[in-house]
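When we follow the UniProt record's numbering, the leftmost residue of the sequence shown carries the number 1, and every step to the right adds one. Every residue, glycine too, gets a C-beta built ideally from N, C-alpha and C. No experiment lies behind these values; they were computed from the predicted model shown. Quick notes on the structure that follows.
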Amino acid sequence: MSDIGVVESVVVVVVVVVVLLVVVVKVVVVEVVVVEIVVVVVVVVVVVAVVVVVVFVEKATTIKSALTS
1 MSDIGVVESV VVVVVVVVVL LVVVVKVVVV EVVVVEIVVV VVVVVVVVAV VVVVVFVEKA
61 TTIKSALTS
């Protein structure tokens, strides 16, 4: 059961990040057409997303193993 919850949460996080990324990129492209800004935003968002997912999975795994043992 907890595995399903973890997968759903990760999917939700990814969807939210993608939506935010699309919005930010559209705003940046409309306001200022600077490739560097877009690249920096993309990199930052991707790094943050990866960190969040990794931390979340580690916490979920720790909680799961604590519950099992």
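Distance from the CA of leucine 21 to the CA of valine 38, rounded to the nearest whole angstrom, comes to 10 angstroms. Separation of valine 42 and threonine 61 (C-alpha to C-alpha, rounded to the nearest whole angstrom) is 28 angstroms. Excluding residues up to 5 positions away in sequence, Val13 lie with their Cβ nearer than 7 angstroms to the Cβ of valine 52 in the same chain. Between the alpha carbons of isoleucine 63 and phenylalanine 56 lies a gap of roughly 11 angstroms.
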